[in-house]
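Residue numbers (this note's numbering), protein chains in the order written: chain A, 568 to 989; chain B, 568 to 989. All residues carry an ideal CB built from backbone N, CA and C; glycine is no exception. All of these numbers come straight from a predicted model, not from anything done at the bench. In what follows, a single structure is set out as structure tokens and then discussed.
There are 2 protein chains.
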Amino acid sequence: MTGESEKSWILMATARSPTNIAVIKYWGKRDEELILPVNDSISVTLDPDHLSATTTVAVSPSFEQDRMWLNGKEISLSGGRYQNCLREIRKRARDVEDEKKGIRIQKDDWNNLHVHIASYNNFPTAAGLASSAAGFACLVFALAKLMNVKEEYGELSSIARQGSGSACRSIYGGFVKWAMGNNPDGSDSIAIQLAEETHWNDLFIVIAVVSSKQKETSSTSGMRESVQTSALLKYRAETVVPSRVLKIEEAIRDHDFASFARITCADSNQFHAICLDTTPPIFYMNDTSHRIISLVERWNQSEGTLQVAYTFDAGPNAVMIAPNRQAAALLLQRLLFYFPPPQDTDLTSYILGDKSILQEAGLQSVEGIEALAPPPESKDKVPRKKFAGDISYFICTRIGSGPKLLADENQALIDPVNGLPK
Amino acid sequence: MTGESEKSWILMATARSPTNIAVIKYWGKRDEELILPVNDSISVTLDPDHLSATTTVAVSPSFEQDRMWLNGKEISLSGGRYQNCLREIRKRARDVEDEKKGIRIQKDDWNNLHVHIASYNNFPTAAGLASSAAGFACLVFALAKLMNVKEEYGELSSIARQGSGSACRSIYGGFVKWAMGNNPDGSDSIAIQLAEETHWNDLFIVIAVVSSKQKETSSTSGMRESVQTSALLKYRAETVVPSRVLKIEEAIRDHDFASFARITCADSNQFHAICLDTTPPIFYMNDTSHRIISLVERWNQSEGTLQVAYTFDAGPNAVMIAPNRQAAALLLQRLLFYFPPPQDTDLTSYILGDKSILQEAGLQSVEGIEALAPPPESKDKVPRKKFAGDISYFICTRIGSGPKLLADENQALIDPVNGLPK
Numbered sequence: 568m569t570g571e572s573e574k575s576w577i578l579m580a581t582a583r584s585p586t587n588i589a590v591i592k593y594w595g596k597r598d599e600e601l602i603l604p605v606n607d608s609i610s611v612t613l614d615p616d617h618l619s620a621t622t623t624v625a626v627s628p629s630f631e632q633d634r635m636w637l638n639g640k641e642i643s644l645s646g647g648r649y650q651n652c653l654r655e656i657r658k659r660a661r662d663v664e665d666e667k668k669g670i671r672i673q674k675d676d677w678n679n680l681h682v683h684i685a686s687y688n689n690f691p692t693a694a695g696l697a698s699s700a701a702g703f704a705c706l707v708f709a710l711a712k713l714m715n716v717k718e719e720y721g722e723l724s725s726i727a728r729q730g731s732g733s734a735c736r737s738i739y740g741g742f743v744k745w746a747m748g749n750n751p752d753g754s755d756s757i758a759i760q761l762a763e764e765t766h767w768n769d770l771f772i773v774i775a776v777v778s779s780k781q782k783e784t785s786s787t788s789g790m791r792e793s794v795q796t797s798a799l800l801k802y803r804a805e806t807v808v809p810s811r812v813l814k815i816e817e818a819i820r821d822h823d824f825a826s827f828a829r830i831t832c833a834d835s836n837q838f839h840a841i842c843l844d845t846t847p848p849i850f851y852m853n854d855t856s857h858r859i860i861s862l863v864e865r866w867n868q869s870e871g872t873l874q875v876a877y878t879f880d881a882g883p884n885a886v887m888i889a890p891n892r893q894a895a896a897l898l899l900q901r902l903l904f905y906f907p908p909p910q911d912t913d914l915t916s917y918i919l920g921d922k923s924i925l926q927e928a929g930l931q932s933v934e935g936i937e938a939l940a941p942p943p944e945s946k947d948k949v950p951r952k953k954f955a956g957d958i959s960y961f962i963c964t965r966i967g968s969g970p971k972l973l974a975d976e977n978q979a980l981i982d983p984v985n986g987l988p989k
Numbered sequence: 568m569t570g571e572s573e574k575s576w577i578l579m580a581t582a583r584s585p586t587n588i589a590v591i592k593y594w595g596k597r598d599e600e601l602i603l604p605v606n607d608s609i610s611v612t613l614d615p616d617h618l619s620a621t622t623t624v625a626v627s628p629s630f631e632q633d634r635m636w637l638n639g640k641e642i643s644l645s646g647g648r649y650q651n652c653l654r655e656i657r658k659r660a661r662d663v664e665d666e667k668k669g670i671r672i673q674k675d676d677w678n679n680l681h682v683h684i685a686s687y688n689n690f691p692t693a694a695g696l697a698s699s700a701a702g703f704a705c706l707v708f709a710l711a712k713l714m715n716v717k718e719e720y721g722e723l724s725s726i727a728r729q730g731s732g733s734a735c736r737s738i739y740g741g742f743v744k745w746a747m748g749n750n751p752d753g754s755d756s757i758a759i760q761l762a763e764e765t766h767w768n769d770l771f772i773v774i775a776v777v778s779s780k781q782k783e784t785s786s787t788s789g790m791r792e793s794v795q796t797s798a799l800l801k802y803r804a805e806t807v808v809p810s811r812v813l814k815i816e817e818a819i820r821d822h823d824f825a826s827f828a829r830i831t832c833a834d835s836n837q838f839h840a841i842c843l844d845t846t847p848p849i850f851y852m853n854d855t856s857h858r859i860i861s862l863v864e865r866w867n868q869s870e871g872t873l874q875v876a877y878t879f880d881a882g883p884n885a886v887m888i889a890p891n892r893q894a895a896a897l898l899l900q901r902l903l904f905y906f907p908p909p910q911d912t913d914l915t916s917y918i919l920g921d922k923s924i925l926q927e928a929g930l931q932s933v934e935g936i937e938a939l940a941p942p943p944e945s946k947d948k949v950p951r952k953k954f955a956g957d958i959s960y961f962i963c964t965r966i967g968s969g970p971k972l973l974a975d976e977n978q979a980l981i982d983p984v985n986g987l988p989k
């Protein structure tokens with residue numbers, strides 16, 4: 568290892584990785600240590616412009632230990648999940664040479680070099696939007712770039728998996744399958760890209776971040792309890808999911824929105840059914856989640872075909888997938904009719920992400936929302952009660968691309984001089 | 568047929584029948600017409616003093632058609648469910664003689680005689696407390712008495728079943744099993760008494776009637792949709808339930824409260840899981856139901872043994888079963904801490920049924936409730952938020968006896984002179 572001055576140099580890599588939302592759910596591990604699932608899962612990668620993690624990894628002979636800062640706050644790296652990722656990437660590290668900076672690191676040097684990691688989510692970490700998926704995918708991707716790891720994406724996904732199961736699916740854009748694999752060592756439990764984001768880029772996604780004061784069961788302990796106590800989980804994993812996986816792969820291939828939506832909704836509901844079948848039961852959805860489902864189901868039913876799909880992860884937030892912008896605009900009209908922004912909330916802080924959809928929905932102002940007519944399908948069926956305050960905000964987004972290296976050093980989260988978060 | 572004056576006589580019978588709460592749930596029919604279930608179910612009969620239907624059936628040659636009044640309001644008897652019960656009982660009718668009144672009805676006369684039926688529930692019909700179970704059991708029982716039907720209770724249960732499935736279990740007191748049977752004609756799909764109410768009469772039951780504005784899916788259409796669309800229902804019915812039935816029968820036999828409670832909670836949760844696995848999903852429990860479950864689960868967990876069991880039917884109301892009055896008093900303290908009566912509600916209209924339990928709970932006044940300390944297990948775990956108004960009232964009751972004939976004519980709901988509801 569050589570550098571301008573033995574102690575002063577810092578080498579960095581910065582990457583941005585998307586989050587993803589499963590349409591066939593991952594719930595249950597067959598191996599807790601290696602994070603090997605009981606069934607395949609399939610996800611849609613979300614646009615990193617709206618939901619992603621950015622991570623800078625830096626190495627320097629002056630660093631005395633591995634350290635990490637998440638959203639500006641130092642966190643411990645002692646957990647097995649971080650250690651797994653660091654160990655597996657270090658194992659595959661190669662010679663690195665930065666001619667401009669005059670830095671040369673040899674393969675074996677990596678074992679004696681420490682890293683500083685700074686990561687930042689462009690969306691609230693606590694909102695239950697799979698921040699760990701984006702985070703671990705980004706960590707692994709950035710470390711791999713820094714350490715000149717040449718392994719294929721499939722292998723990187725298998726390393727990210729050991730940080731957080733669903734992180735393996737964030738290694739690709741578009742539509743991604745996490746194949747559960749068969750090998751006891753987990754080497755074939757990897758993510759595979761089913762289709763790029765451009766394959767079906769009409770899809771439009773609306774996320775409702777539901778206000779919740781309830782403390783939720785973490786997905787790690789929740790799925791452990793489900794595996795141990797649910798009488799239905801094994802049947803779901805072995806019998807129901809395999810056929811759904813085949814069918815939704817076909818639906819994605821054929822742009823068959825009706826099938827895609829039908830399976831997506833059914834699988835989200837079945838995942839929550841398994842949670843309810845757990846002892847003690849786990850409730851991730853609340854009354855607001857139920858109201859959103861009812862709103863979508865009534866609309867679907869009145870039209871006779873599926874207008875939008877919904878899916879819920881381990882929390883009350885709804886992720887709704889519309890076949891195109893037009894349907895998304897109609898969806899937003901319905902959502903904003905029932906869940907208008909609370910008083911004194913302006914629209915730009917209530918609708919995040921791709922705000923241009925508001926124009927298509929004819930909703931450029933709070934007054935426009937107040938003037939919304941009730942959805943035609945609501946007639947005589949439900950009291951047209953409104954629920955202002957039950958949703959914190961909406962994020963409008965679309966299907967997105969996989970991890971990317973950010974070459975511009977200005978985007979780095981670590982100061983290239985002192986090696987600490989900017 | 569003879570009487571004092573051919574047109575003027577009226578003969579009546581009045582009965583009272585309990586409602587019941589399933590601990591192994593009935594959800595799904597294999598035959599919609601005959602009401603044959605996809606699995607056995609097991610229930611506890613509730614004390615008719617607190618939850619029952621009273622029904623008077625009257626016959627007179629002056630009656631021009633079959634008519635029925637429910638809670639004072641005339642309702643149509645044209646539905647297949649009422650017709651099934653009337654037809655099956657008439658088929659089994661025998662000679663009747665009332666010497667005092669000088670009335671003689673011969674077996675074949677019953678086909679030409681019309682009945683008037685008046686029924687009354689001593690609890691709110693709309694509260695989702697299995698009013699139809701008590702009602703159809705009572706109708707069948709009273710008609711059988713009036714028409715001198717000699718068939719055994721098992722056969723009566725099979726007739727009540729054709730009115731409302733769970734009604735067959737209200738033909739007995741104590742612990743009752745509805746055996747699904749095998750015969751296509753339903754003749755062996757009958758209720759069986761597992762144990763009398765005296766077998767385990769320490770049990771104490773607290774029902775929380777949850778305020779709900781949401782319109783609920785009827786259980787008839789709900790279970791039809793589950794049978795048609797849930798990917799898990801068949802597995803539950805064929806694989807999970809049979810072993811649970813065996814185990815809970817053992818638990819009842821042995822007064823093994825821990826097993827009884829564990830299976831009761833798990834089966835309630837699994838029934839609601841199947842509802843959630845239905846397309847479109849059915850939500851019977853709401854946030855208040857979830858809070859009650861969490862309260863009980865936290866308590867059970869902190870004690871290390873099951874203190875009480877909970878079970879929910881097709882609605883948000885919680886039925887909680889405590890092993891004895893002492894545990895029920897501790898349960899009430901917890902429930903009333905989180906769900907105090909709304910302002911200006913007095914305790915006697917908030918706690919119905921066996922109010923003597925309030926004394927054991929040290930809660931004879933609203934002030935006593937306000938002074939309640941938080942349950943010890945709540946410490947540092949959840950915000951001690953209170954939810955006044957989320958529960959309409961509680962009913963305190965116990966395990967009860969089966970249908971009974973009320974010999975006192977003063978208890979009849981029909982005027983013996985004009986044949987109309989009093």
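Asked                                                                                                         : Found
Segment limits, alpha helix (DSSP H) that includes A:P809                                                     : V808 to R820
Of the listed residues A:K971, A:Q760, A:I849 and A:S945, nearest to A:E870 (C-alpha basis)                   : A:S945
Outcome for A:L578 when other beta-carbon atoms lying within 10 angstroms are tallied against a minimum of 16 : buried
Simplified DSSP assignment, three categories, for A:G920                                                      : strand
Backbone secondary structure at B:K592 - three-state DSSP                                                     : coil
Under 8 Å by beta carbon: chain A residues contacting B:V807                                                  : A798 and L799
Contact between the segment 977–987 of chain A and the segment 622–631 of chain A (3+ Cβ pairs under 8 Å)     : yes
Beta-carbon gap between A:Y851 and A:G732 smaller than 7 Å                                                    : no
Residue-level contact to chain B via CB, A:A840, 7 Å cutoff                                                   : yes
C-alpha distance - B:N638 paired with B:E816, whole-angstrom precision                                        : 36 Å
Coil, strand or helix - A:N587 by DSSP                                                                        : strand
Simplified DSSP state of B:P909, which is helix, strand or coil                                               : coil
DSSP state of A:N977 mapped onto helix, strand, coil                                                          : helix
is_contact[A:E599, chain B] using C-beta, thresh 7 Å                                                          : no
Nearest to A:S785 (by Cα), restricted to the options A:D880, A:F742, A:V875 and A:W767                        : A:D880
Cβ neighbour criterion (16 or more within 10 Å) applied to B:T872                                             : exposed
Three-state secondary structure (DSSP) of B:L706                                                              : helix
Check whether A:L972 and A:A582 have beta carbons under 7 Å apart                                             : yes
Cα-Cα separation between B:N651 and B:L706, rounded to whole angstroms                                        : 12 Å
Inter-residue spacing [alpha-carbon to alpha-carbon] between B:V590 and B:H617                                : 19 Å
Contact belief for B:S797 with B:I841 at Cβ below 8 Å, rounded distance in angstroms                          : 5 Å
Helix, strand or coil at B:V863 [DSSP, three-state]                                                           : helix
DSSP-derived helix/strand/coil call for B:Q795                                                                : helix
Closer than 7 Å to chain B by CB, A:D854                                                                      : yes
Nearest neighbour of A:S724, chosen from A:G969, A:P988 and A:H822 [CA to CA]                                 : A:G969
Counted within 10 angstroms of its Cβ, other Cβ atoms place B:V605 as buried (16 or more) or exposed          : buried
Pairwise C-alpha distance: A:D957 and A:E722                                                                  : 42 Å
Any C-beta of chain A under 7 Å from that of B:L980                                                           : no
CB contact below 7 Å: A:P942 versus chain B                                                                   : no
Residues that B:P847 contacts on chain A, provided the C-beta gap is smaller than 7 Å                         : E864
B:I602 vs B:Q729 beta-carbon contact at 7 Å                                                                   : yes
Beta-carbon neighbours of A:A828, restricted to chain B and to distances below 8 Å                            : In chain order: nothing, as chain B lies at least about 11 Å away.
Residues in the segment 653–677 of chain B having any Cβ partner in chain A nearer than 8 Å                   : none
Where A:E599 falls, given that 16 or more other Cβ within 10 Å makes a residue buried                         : exposed
Helix, strand or coil at A:L723 according to DSSP, with G and I counted as helix                              : helix
7 Å Cβ shell around B:P890 - same chain, five flanking residues per side excluded                             : D769, L770 and F824
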